[in-house]
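Q: In the order they appear, the protein sequences are chains A and B.
Heads up, the first sequence is in my numbering, so the first residue is 1 and it goes up one at a time.
Heads up, the second sequence is in my numbering, so the first residue is 1001 and it goes up one at a time.
We put the beta carbon where it would ideally sit given N, CA and C, even for glycine.
Owing to the predicted nature of the structure, the values given are computational and were not obtained by experimental measurement.
Before I ask anything, let me first share the structure, which is written out below as structure tokens.
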Amino acid sequence: AQSVTQPDIHITVSEGASLELRCNYSYGATPYLFWYVQSPGQGLQLLLKYFSGDTLVQGIKGFEAEFKRSQSSFNLRKPSVHWSDAAEYFCAVGDTNAGKSTFGDGTTLTVKP
Amino acid sequence: EAQVTQNPRYLITVTGKKLTVTCSQNMNHEYMSWYRQDPGLGLRQIYYSMNVEVTDKGDVPEGYKVSRKEKRNFPLILESPSPNQTSLYFCASSHDTYGYTFGSGTRLTVV
Chain A
1 AQSVTQPDIH
11 ITVSEGASLE
21 LRCNYSYGAT
31 PYLFWYVQSP
41 GQGLQLLLKY
51 FSGDTLVQGI
61 KGFEAEFKRS
71 QSSFNLRKPS
81 VHWSDAAEYF
91 CAVGDTNAGK
101 STFGDGTTLT
111 VKP
Chain B
1001 EAQVTQNPRY
1011 LITVTGKKLT
1021 VTCSQNMNHE
1031 YMSWYRQDPG
1041 LGLRQIYYSM
1051 NVEVTDKGDV
1061 PEGYKVSRKE
1071 KRNFPLILES
1081 PSPNQTSLYF
1091 CASSHDTYGY
1101 TFGSGTRLTV
1111 V
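Now the structure itself:
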């Protein structure tokens, strides 16, 4: 069975500082991996996705993520955080038929001025 | 505008009274899915559909039904709601493996 672990429930960073959100997955084959962001009171928005090929993927809003098969990880990064990045972030793994997706429990990001 | 539309946004109902939450997408996506979101539990998949008349259970299907008679619509049916189904529900759609586009959510309270 596929599963996703986001070890950090809550992270606080200062505006302008770099950010890394951790994600570990469990899946029997090459996974489809996603990061979503949810602002308060909103639905989820897709930030980026990995299917195959280059292990460093670029997304919207200046985010990137790196797939590391040996570590079963797909960590999200941003070099300089803006106050508007404060939100909840979800990592997800999907299977090859793209229907079934499993989400992590989420990491809440707080940005200090 | 490409979007997933859920209705209603808010719903308060009583235990045992059947209800339907509608979901519609205008992107001609093959895949559609329902999730529930509860504090500390992330999003859990209820049901998903890979195309018209093709549906499958997610991780928490008990107490829910779905149907996919048309490509654009994927209603979620609670035949006999119970208080433990109080939650925030999201519908989502996807083209192949491109990642889901989510609706704005339906906050359901069952008393």
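CA-CA distance, E20 (chain A) and P7 (chain A)?
A: Within the first sequence, residue 20 (chain A) is the residue found at index 20, counting from 1. Within the first sequence, residue 7 (chain A) is the residue found at index 7, counting from 1. Roughly 12 Å separates the two Cα atoms.
Q: Pairs of beta-carbons, one from the segment 19–36 of chain A and one from the segment 87–95 of chain A, closer than 8 Å: are there three or more?
A: With a cut-off of 8 Å, the segment 87–95 of chain A and the segment 19–36 of chain A count as touching, because enough Cβ pairs lie within range.
Q: Does the separation of the CB atoms of S1087 (chain B) and P1075 (chain B) fall below 8 Å?
A: The sequence position of residue 1087 (chain B) within the second sequence is 87, counting from 1. The sequence position of residue 1075 (chain B) within the second sequence is 75, counting from 1. No, Cβ-Cβ distance for S1087 (chain B) and P1075 (chain B) is not below 8 Å.
Q: Would you call the segment 1059–1066 of chain B and the segment 1007–1019 of chain B touching, i.e. three or more CB-CB distances under 8 Å?
A: No, the segment 1059–1066 of chain B does not touch the segment 1007–1019 of chain B.
Q: Using 8 Å as the threshold, is the C-beta distance between E1001 (chain B) and D1096 (chain B) below it?
A: Locating residue 1001 (chain B) in the second sequence gives position 1, where the first residue counts as 1. Locating residue 1096 (chain B) in the second sequence gives position 96, where the first residue counts as 1. Taking 8 Å as the Cβ cut-off, E1001 (chain B) and D1096 (chain B) do not qualify as a contacting pair.
Q: Contact defined as beta carbons within less than 8 Å: I believe G59 (chain A) pairs with L44 (chain A). What is the distance between those atoms, to the nearest angstrom?
A: Within the first sequence, the letter at position 59 stands for residue 59 (chain A). Within the first sequence, the letter at position 44 stands for residue 44 (chain A). Their Cβ separation, rounded to whole angstroms, is 14 Å, which puts G59 (chain A) and L44 (chain A) out of contact at 8 Å.
Q: Determine the direct distance from the alpha carbon of S1094 (chain B) to that of Y1100 (chain B), and round the result to whole angstroms.
A: Mapped onto the second sequence, residue 1100 (chain B) falls at position 100. Mapped onto the second sequence, residue 1094 (chain B) falls at position 94. Approximately 5 Å, taken between the alpha carbons.
Q: Could you tell me which chain A residues have their CB closer than 7 Å to the CB of G1042 (chain B), listed as they occur along the chain?
A: Mapped onto the second sequence, residue 1042 (chain B) falls at position 42. Ordered by position in chain A, the residues that pass the 7 Å Cβ test against G1042 (chain B) are F90, F103, G104, D105 and G106.
Q: Contact criterion: CB-CB distance below 8 Å. Does D1056 (chain B) meet it with respect to chain A?
A: As a first step, residue 1056 (chain B) must be located in the second sequence, where it is residue number 56. For D1056 (chain B), the answer is yes, since a Cβ of chain A falls inside 8 Å of its Cβ.
Q: What did DSSP end up calling R1068 (chain B) once you bin it into helix, strand or coil?
A: As a first step, residue 1068 (chain B) is located in the second sequence; it is residue number 68 there, counting from the start. Reduced to three states, the DSSP call for R1068 (chain B) is coil.
Q: What residues of chain B sit near K100 (chain A), judged by a beta carbon separation below 8 Å?
A: Taking the first sequence and counting its residues from 1, the one referred to as residue 100 (chain A) is at position 100. Here the neighbours are Q1045, Y1048, D1056 and G1058.
Q: Please check if any C-beta of chain B sits within less than 8 Å of the C-beta of G43 (chain A).
A: Translated into the one-based positions of the first sequence, residue 43 (chain A) becomes position 43. It does; some Cβ of chain B falls within 8 Å.
Q: Determine, for F63 (chain A), whether the minimum Cβ-Cβ distance to residues of chain B falls below 8 Å.
A: In the first sequence, the residue the question calls residue 63 (chain A) occupies position 63. It does not; no Cβ of chain B falls within 8 Å.
Q: Taking the alpha carbon of S1080 (chain B) as the reference point, which residue from B:T1005, B:K1018, B:G1103 and B:V1004 has its own alpha carbon closest?
A: Within the second sequence, residue 1080 (chain B) is the residue found at index 80, counting from 1. Checked all of B:T1005, B:K1018, B:G1103 and B:V1004; the closest Cα to S1080 (chain B) is B:K1018.
Q: Which residues, taken in chain order from the segment 15–41 of chain A, show a beta carbon closer than 7 Å to some beta carbon of chain B?
A: Against chain B - using a Cβ distance shorter than 7 Å - the residues of the segment 15–41 of chain A are Y32 and F34.
Q: Here's a check: name, in chain order, each residue in its chain whose Cβ is nearer than 7 Å to the Cβ of E1053 (chain B), leaving out the five neighbours to either side.
A: Walking along the second sequence from the start, residue 1053 (chain B) turns up at place 53. Cβ within range, chain order: R1068.
Q: Using the Cα positions of D1056 (chain B) and Q1045 (chain B), report the straight-line distance between them to the nearest angstrom.
A: Taking the second sequence and counting its residues from 1, the one referred to as residue 1056 (chain B) is at position 56. Taking the second sequence and counting its residues from 1, the one referred to as residue 1045 (chain B) is at position 45. Whole-angstrom Cα-Cα distance: 10 Å.
Q: Can you list the beta strand (DSSP E) stretches of 3 or more residues lying completely in the segment 54–101 of chain A, in chain order?
A: You should have 56–58, 64–68, 73–78 and 87–94.
Q: Identify every residue that forms a DSSP beta bridge with M1032 (chain B).
A: By 1-based counting over the second sequence, the position of residue 1032 (chain B) is 32. The partner list for M1032 (chain B) (beta bridge, DSSP) reads B:S1049 and B:S1093.
Q: Could you tell me which of B:Y1048, B:S1033 and B:Q1037 sits nearest to R1107 (chain B), measuring between CA atoms?
A: Taking the first residue of the second sequence as 1, we reach residue 1107 (chain B) at position 107. It is B:Q1037.
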